[in-house]
Each structure stands twice: as structure tokens, then as C-alpha cells.
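Listed below in C-alpha cells is the structure:
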């Protein structure tokens with residue numbers, strides 16, 4: 001059965017936080033800028049502009065490392081309320097064209113415009129209009145990708161960044177995907193990419209001769225995703241629901257926590273904050289899993305989780321002990337959280 005073709009747009013504002021700061025202070029333009037925490041307090045880069053990226057600065061990089069890459073880096077603390085105001089303006093623009101908007105972050109979203117009537121239903125013209133309206137209304141640039149599915153639209157939005165638009169027409173899908181490095185496929189991280197490369201698979205065209213049973217044997221459930229995506233197939237729908245998927249709190253410490261006992265002593269205030277945040281979100285009845293996150297001194301991250309339906313300090317202690325034993329070294333960040341019941345997300349994961 002052939003499914004009807006969809007028209008999906010992926011919109012993503014360019015270096016969002018930094019763009020808002022440069023909009024409000026034009027003197028920052030053309031200078032390397034990062035938004036995030038202080039380098040002397042274990043801060044990390046939330047967003048940086050393209051001038052900073054030329055020095056090797058990247059999002060999620062420790063700010064102390066960013067300063068070493070770019071000694072002239074300008075660092076600003078996040079102004080979240082200002083960013084949320086801009087986000088509300090951006091989402092209003094998206095929703096002018098379609099009700100099927102799936103936000104991924106404050107500035108990024110998928111739009112299904114298959115049934116949109118604006119511009120005679122042209123997804124390309126709608127994407128152009130959205131970008132123009134964001135520039136005129138919010139004062140920043142956005143990039144967009146247009147394609148028959150979410151996977152291709154997201155890749156396309158990166159193609160001509162910043163301030164760009166790229167369109168993948170249905171008849172171009174096979175050629176476009178065949179030339180993609182396998183590292184661009186959803187679910188392929190460094191380890192899987194290295195395994196694929198070791199098998200002589202570098203681009204998606206190298207994956208095409210592999211049968212589904214062979215890929216399942218080598219990669220488990222991920223094999224199905226590889227088989228589908230290298231053919232440009234992605235049946236995920238754009239879900240307009242903005243339901244919360246998780247609630248968490250975390251703390252980065254100025255000095256490493258040297259041992260397990262010190263980590264356990266930090267657990268009660270984290271759980272108090274998580275309890276308050278869960279109550280504010282009204283999520284107490286939706287708890288499905290409990291989890292602990294640790295970032296060690298060498299920046300390696302691990303999480304431990306289990307099924308649970310209520311916040312339980314004893315369970316969190318056990319999870320923390322389990323996670324700590326994996327590396328048994330000083331800790332720079334602790335986090336605790338809950339994952340919420342989400343049947344939609346479970347159905348989507350089943351496709352891959």
C-alpha cells in the first residue's frame with residue numbers, strides 16, 4: 001500500500017539565544033559570542049554564534065574549554081524570559097499556517113503543511129514566508145528544510161544554514177539519501193558509525209544492498225531503522241501534542257564530588273527540587289520511570305533508571321549507587337528525574 005505523500009517543514013532558528021542577544025545589542029555582531037554559564041563555575045555553552053564556531057566552540061562544550069579555543073569569546077548569561085517571549089512569537093507564526101506543529105525546543109519545530117491552503121499549498125512558499133515573517137517580527141534568521149518526511153526535512157534544514165532553505169522533492173529523495181553519510185542517520189552515533197565503516201559502509205548507497213534480516217542480525221532493532229532510512233522512508237507523523245515527556249533537575253558542582261558518600265549527601269536537595277517541579281507540572285500521576293544521571297570528572301555521562309510510579313528516595317539512592325559504580329571516580333554533575341507515561345512516544349519508537 002502506497003502512503004500519500006506529505007509536505008513536512010522543519011524550521012530551526014540560527015544560533016537562537018545568541019541571535020536574540022545580537023539583535024538586542026548590535027555591537028555584538030561579528031564578534032565571537034557564547035551564551036551559557038561562567039567558565040570558573042563549571043558552566044557550559046548553551047548556544048554560540050557562527051563567529052565562535054569558527055574557533056571550534058560548540059554547544060554543550062564546557063565554557064572553560066570554549067575560552068581556551070577562543071580567548072576573545074564574549075560570554076553572556078542566558079536571558080530565558082526574553083527567549084521565551086521570542087519563542088511564543090515564533091510558534092504563533094508556525095501555527096498561522098497549520099495546526100500540525102510539533103515543537104522540539106523554543107525555536108525549532110516540525111510542521112505538516114500537507115493540507116495547508118496558504119500559497120496554494122506550496123510547502124516551499126510557506127517555508128519562505130515563515131522565514132521572512134520570523135525575520136520581520138522577531139528580528140532573527142531561521143533556516144528551513146522541506147521534504148516528504150521528518151527525517152529528510154530535518155537534514156534539509158541544515159543544508160544551507162545559516163539563513164537558508166533547502167527543498168527535497170519526492171523525485172529527488174533516492175538520490176539525496178544515497179549520497180548521505182551513514183553518520184547522518186537517526187540513531188547512528190560514533191560507535192555504530194565506526195562499526196558501519198568497518199563493514200565498508202560509509203554512505204547510504206553502501207547500505208542499500210544489505211537485506212533487512214542481515215541488518216537486524218548485525219544491529220538488532222536499529223537494523224530496521226537503517227533499512228528504512230537509507231531508502232528515505234520515515235513514517236513518523238507530526239504530532240501537535242506538546243505533552244511533557246519528563247521532569248528533571250540537575251546540578252553542576254564547582255568542585256568535583258570525590259566519592260559515593262558525598263554524592264549521596266547531595267541527593268536530598270535534588271529530590272526536594274524534583275518533588276516541587278513535579279508538583280508544578282501536575283505530573284505526579286504520570287510517573288513511569290525514575291532515573292539518575294551522573295557526569296563524571298572526565299565528562300563521561302551515565303544514567304541508571306527503573307520502572308517506578310512515585311518518587312522514592314530509597315530507589316534514587318540505589319540508582320545513584322548503581323550509576324556511580326560504573327566508573328567510581330569524582331563527579332561534576334548529578335541529576336535526578338522522572339519519565340512520564342507516553343503511549344504516543346512508545347508507538348513511534350516501535351517504528352524503529
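In full-length UniProt numbering, the protein residues as written are 1 to 352. Glycine included, C-beta positions come from ideal geometry on N, C-alpha and C.
- Item | Whole-angstrom distance between residue 98 and residue 107, CA atom to CA atom | Stepping through the chain shown from its first residue, residue 107 is reached at position 107. Stepping through the chain shown from its first residue, residue 98 is reached at position 98. Taking the Cα positions, residue 107 is about 16 Å away from residue 98.
- Task: Ignore the nearest five residues each way along the sequence and tell me which others in residue 22's own chain have a CB closer than 6 Å to its CB.
- Result: Here the question's residue 22 lines up with position 22 in the chain shown. Answer for residue 22: 28 and 29, listed in chain order.
- Query: So what does DSSP say about residue 81, is it helix, strand or coil?
  - Reply: In the chain shown, counting from the first residue as 1, residue 81 sits at position 81. Residue 81 falls in the helix class under three-state DSSP.
- Item | Where the alpha helix (DSSP H) containing residue 314 begins and where it ends | Reading the chain shown from its first residue, position 314 is the one you call residue 314. From DSSP, the alpha helix (DSSP H) with residue 314 extends over 313 to 325.
- Query: Taking the runs of the beta strand (DSSP E) that are 3 residues or longer, which of them lie wholly in the stretch 159 to 200?
  - Reply: The stretch 159 to 200 contains these whole beta strand (DSSP E) runs: 165 to 167.
- Query: According to DSSP, is residue 104 helix, strand or coil?
  - Reply: To locate residue 104, count along the chain shown from 1; it is residue 104. In the structure shown, residue 104 sits in coil (DSSP, three-state: anything other than H, G, I, E or B).
- Task: Consider the C-beta atom of residue 258 and the heavy atoms of the ligand ADP; say whether any pair is separated by less than 7 Å.
- Result: Summarising the ligand content, the structure contains no ligands, and the ligand ADP is consequently not present.
- Query: Near residue 247, which residues of its chain fall below 8 Å by C-beta distance, leaving aside the five closest residues on each side in sequence?
  - Reply: Taking the first residue of the chain shown as 1, we reach residue 247 at position 247. Within its own chain, the residues whose Cβ lies closer than 8 Å to the Cβ of residue 247, once the five positions on either side in sequence are excluded, are 274, 277, 278, 281, 283, 337, 338 and 340, listed in chain order.
- Below 8 Å between beta carbons: does that hold for residue 333 and residue 251? Locating residue 333 in the chain shown gives position 333, counting from the first residue. Locating residue 251 in the chain shown gives position 251, counting from the first residue. Cβ atoms of residue 333 and residue 251: closer than 8 Å.
- Message: Just list the residues that DSSP pairs residue 272 with in beta bridges.
- Response: By one-based count along the chain shown, residue 272 stands at place 272. Listed as beta-bridge partners of residue 272 by DSSP are no residues whatsoever.
- Give the range of the alpha helix (DSSP H) segment to which residue 223 is assigned. Against the chain shown, residue 223 aligns to sequence position 223. Element bounds for residue 223: 222 to 229.
- Query: Hey, quick one: how far does the beta strand (DSSP E) through residue 47 stretch, first residue to last?
  - Reply: The residue you call residue 47 lines up with position 47 of the chain shown. Unbroken beta strand (DSSP E) run through residue 47: 45 to 48.
- Exposed or buried, which one is residue 42 when buried takes at least 16 other CB atoms within 10 Å? Along the chain shown, one-based indexing puts residue 42 at 42. Here residue 42 is buried, its C-beta having at least 16 other C-beta atoms within 10 Å.
- Query: Between residue 222 and the rest of its own chain, which residues show a CB-CB distance below 6 Å, the 5 nearest in sequence each way excluded?
  - Reply: Against the chain shown, residue 222 aligns to sequence position 222. 187.
- Message: Just to check my reading of the structure: residue 73 and residue 49 have Cβ atoms closer than 8 Å, yes? What is that Cβ distance to the nearest angstrom?
- Response: Along the chain shown, read from residue 1 onward, the residue named residue 73 stands at position 73. Along the chain shown, read from residue 1 onward, the residue named residue 49 stands at position 49. About 10 Å separates the beta carbon of residue 73 from that of residue 49, a gap too long to meet the 8 Å contact definition.
- Kindly give me the distance between the Cβ atoms of residue 17 and residue 44, rounded to whole angstroms, as I take these residues to be in contact under 8 Å. Sequence index remark: in the chain shown, residue 17 carries index 17 (1-based). Sequence index remark: in the chain shown, residue 44 carries index 44 (1-based). About 13 Å separates the CB atoms of residue 17 and residue 44; that is not less than 8 Å, and the two are not in contact.
- With a Cβ-Cβ cutoff of 8 Å, do residue 231 and residue 177 count as a contact? As a position in the chain shown, residue 231 is number 231, starting the count at 1. As a position in the chain shown, residue 177 is number 177, starting the count at 1. Yes, the Cβ-Cβ distance between residue 231 and residue 177 is below 8 Å.
- Query: Does the count of Cβ pairs from the stretch 164 to 180 and the stretch 135 to 149 closer than 8 Å reach three?
  - Reply: They touch, by the three-pair rule.
- Task: Name the two residues that bound the continuous alpha helix (DSSP H) containing residue 285.
- Result: As a position in the chain shown, residue 285 is number 285, starting the count at 1. Where residue 285 is concerned, there is no enclosing alpha helix (DSSP H), because DSSP gives it neither an H nor an E.
- Where does residue 120 land, buried or exposed, given buried means 16+ other C-beta within 10 angstroms? Working through the chain shown from its first residue, we reach residue 120 at position 120. Looking at its Cβ environment, which holds fewer than 16 other Cβ atoms inside 10 Å, residue 120 is exposed.
- Item | Per-residue burial, residue 136 [other beta carbons within 10 Å of its own, 16 or more giving buried] | On the chain shown, residue 136 is found 136 positions in, with the first residue counted as 1. Label assigned to residue 136: exposed.
- Kindly indicate the opening and closing residues of the beta strand (DSSP E) around residue 256. Numbered from its first residue, the chain shown carries residue 256 at position 256. First-last of the beta strand (DSSP E) with residue 256: 246 to 257.
- Item | Any 3 or more C-beta pairs closer than 8 Å across the stretch 315 to 326 and the stretch 298 to 306 | Contact between the stretch 315 to 326 and the stretch 298 to 306 is present, because at least three Cβ pairs lie under 8 Å.
- Query: Ordered along the chain, which non-local residues of its own chain (more than five positions away) have a Cβ less than 6 Å from that of residue 348?
  - Reply: Position 348 of the chain shown, counting from 1, holds the residue named residue 348. For residue 348, the predicted model reports a pLDDT of 34, less than 50, meaning its position is unreliable; a value from the coordinates is still stated below. Excluding positions up to five away in sequence, the list reads 236.
- Message: Check whether the stretch 168 to 185 and the stretch 203 to 216 touch, using three or more Cβ-Cβ pairs below 8 Å as the test.
- Response: Under the three-pair Cβ rule at 8 Å, the stretch 168 to 185 counts as touching the stretch 203 to 216.
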